[in-house]
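Numbering (our numbering), first residue to last: 7 to 403.
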């Protein structure tokens with residue numbers, strides 16, 4: 007079925023942003039709280055980008071086990087959180103880069119996909135994802151400049167057409183979604199061009215070379231929140247954003263390299279801000295229900311009674327943890343999961359489920375409760391103190 011032809015429905019969509027292993031872990035915490043609130047079985051569509059796709063891939067492949075235990079939180083922890091924590095304790099990006107440089111006839115993305123397959127997805131294909139909810143793993147087609155989507159029923163983009171019932175591996179889909187440039191990108195697909203379906207929409211279908219060799223990069227290059235595939239189809243949108251806020255800083259670099267990188271940063275920031283503002287505008291105009299929570303959000307803005315206490319200084323530091331795919335220590339992992347859990351709880355109970363009770367057991371990992379602050383074991387990237395304020399679903403800055 008062509009993109010956009012399903013129409014708007016009353017289902018609930020969840021968007022999981024990019025942000026490397028930081029996003030993978032932050033979303034684990036958010037999903038943990040959604041499981042407690044009974045929202046996992048209510049989801050109609052889960053759209054993911056980059057680090058969020060690592061989490062979504064594992065969640066999708068464990069969906070049957072979760073459903074069989076009625077989405078018990080203990081099953082979620084055992085089948086989703088624990089494998090992802092084990093994976094995020096490994097160094098993934100640097101070894102893939104070294105092997106990709108040294109080994110002929112294989113690329114860095116090839117080694118990244120192989121690592122995902124060996125340690126997380128175990129030869130699963132898109133056909134092993136559940137029929138419902140629909141999991142959509144987003145990447146960016148460098149030729150067409152639009153979102154290239156992987157899901158169980160379809161893979162492709164709206165400019166070149168769709169492959170029905172695709173058999174791409176989940177590992178390749180997630181590698182394409184998390185192919186952060188320049189080192190992990192691009193992922194190259196070479197499908198049979200005849201496997202693409204044509205309808206009146208794809209304006210580039212006649213350019214066969216665009217279907218013979220497809221170069222994909224990180225999904226965040228097009229849509230860092232993975233919003234488009236849920237916002238165009240569902241009336242309720244839950245958005246979990248682990249993307250780093252924009253840092254204001256003096257534009258000191260006048261050389262071509264630093265100046266060019268800063269300009270690129272501003273362009274990317276503007277695109278992400280527009281998508282966030284667009285979503286929040288729909289909330290405020292009541293065109294969509296739901297809520298947005300971000301990794302840099304001040305939790306006190308939600309005003310949820312009994313919310314877990316997280317000082318703004320702590321959430322700011324967590325928003326600046328690195329976005330690499332390298333080893334995160336136990337404290338980094340547990341603080342990020344705690345933070346995703348806490349801010350999701352506050353957001354959901356303030357905007358979506360006002361009658362829900364606060365977390366009965368407190369922090370998922372009490373040893374690293376966020377109201378106690380962070381130790382030096384949590385490594386943050388250098389940044390300025392002037393951080394762009396984020397908005398929650400009420401539009402309050």
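Just so it is clear, CB atoms sit at the ideal spot from N, CA and C, and this is done for glycine as well.
Quiz item: Within this structure, are the beta carbons of residue 248 and residue 25 separated by less than 8 Å?
Solution: yes
Quiz item: In angstroms, rounded to a whole number, what distance separates the CA positions of residue 239 and residue 14?
Solution: 4 Å
Quiz item: Where do the N-terminal and C-terminal ends of the beta strand (DSSP E) with residue 170 fall, by residue?
Solution: 167-170
Quiz prompt | Where residue 155 sits in the DSSP three-state scheme | solution = strand
Quiz item: Around the C-beta of residue 401, are 16 or more other C-beta atoms found within 10 angstroms, so that it is buried, or is it exposed?
Solution: Below a pLDDT of 50, predicted positions are generally treated as unreliable, and residue 401, at 42, falls in that range; no measurement from the model is reported.
Quiz item: In this structure, does DSSP put residue 106 in helix, strand or coil?
Solution: helix
Exercise. Could you tell me which residues DSSP pairs with residue 344 in its beta bridges?
Key: Answer is none; residue 344 lacks a bridge partner.
Quiz item: In terms of residue numbering, what span does the alpha helix (DSSP H) encompassing residue 88 cover?
Solution: 88-94
Quiz item: Buried or exposed: residue 192, going by 16 or more other Cβ atoms within 10 Å of its Cβ?
Solution: buried
Quiz item: Looking at residue 81 and residue 71, is the spacing between their C-beta atoms short of 8 Å?
Solution: yes
Exercise. Tell whether a beta-carbon distance below 8 Å holds between residue 142 and residue 53.
Key: yes
Quiz prompt | Own chain partners of residue 47 with C-beta closer than 6 Å, once the 5 adjacent residues on each side are dropped | solution = 77
Quiz item: So, do the segment 145-153 and the segment 99-117 have three or more beta carbon pairs nearer to each other than 8 Å?
Solution: no
Practice problem: Taking only the alpha-carbon atoms, compute the straight-line gap between residue 165 and residue 235 and give it to the nearest angstrom. | Solution: 15 Å
Quiz item: When DSSP labels each residue in this structure, what does residue 72 get in the three-state scheme?
Solution: helix
Quiz item: Can you name, in chain order, every residue of its own chain whose Cβ lies under 6 Å from the Cβ of residue 18, other than the five neighbours on each side?
Solution: 48, 49, 50, 242
Quiz item: Using DSSP with H/G/I as helix, E/B as strand and the rest coil, what is residue 201?
Solution: helix
Quiz item: Given 8 Å as the limit, is there contact between the segment 343-358 and the segment 303-319, that is, 3 or more CB pairs closer than that?
Solution: yes
Exercise. Decide if residue 374 is buried, meaning its Cβ has at least 16 other Cβ atoms within 10 Å, or exposed.
Key: buried
Quiz item: Taking the beta strand (DSSP E) that residue 49 falls in, what are its first and last residues?
Solution: 49-55
Quiz item: With a CB to CB cut of under 7 Å and the five nearest residues on each side skipped, what residues in its chain are close to residue 114?
Solution: 102, 103, 106, 189, 190
Self-check item: Residue closest to residue 133, alpha-carbon to alpha-carbon, out of 230, 167, 173
Solution: 173
Exercise. Could you round the C-beta distance between residue 233 and residue 21 to whole angstroms and report it? I think they count as a contact, below 8 Å.
Key: 5 Å
Quiz item: Taking just the CA atoms, how far does residue 158 sit from residue 289?
Solution: 29 Å
Exercise. Name the two residues that bound the continuous alpha helix (DSSP H) containing residue 237.
Key: 234-237
Self-check item: Cβ neighbour criterion (16 or more within 10 Å) applied to residue 291
Solution: exposed
Quiz prompt | Among 295, 175, 90, 195, the one whose alpha carbon lies nearest that of residue 149 | solution = 195
Exercise. Can you tell me which of the three DSSP states residue 193 falls into?
Key: strand
Practice problem: Return helix, strand or coil for residue 230, following the three-state DSSP convention. | Solution: coil
Quiz prompt | residue 163 (DSSP reduced to helix, strand or coil) | solution = strand
Quiz item: Counting along the chain, where does the beta strand (DSSP E) carrying residue 15 start and finish?
Solution: 15-22
Practice problem: With a cut-off of 8 Å on the beta carbons, I'd call residue 214 and residue 199 a contact; round off their distance for me. | Solution: 5 Å
Quiz item: Between which two residues does the beta strand (DSSP E) harbouring residue 298 extend?
Solution: 295-300
Practice problem: Would you mind sorting residue 139 into buried or exposed? The rule is 16 or more other CB atoms within 10 Å of its CB. | Solution: buried
Quiz item: Would you report the Cα separation of residue 23 and residue 206, rounded to the nearest angstrom?
Solution: 31 Å
Quiz item: Closest to residue 364 by CA distance: which of 317, 246, 40 is it?
Solution: 40
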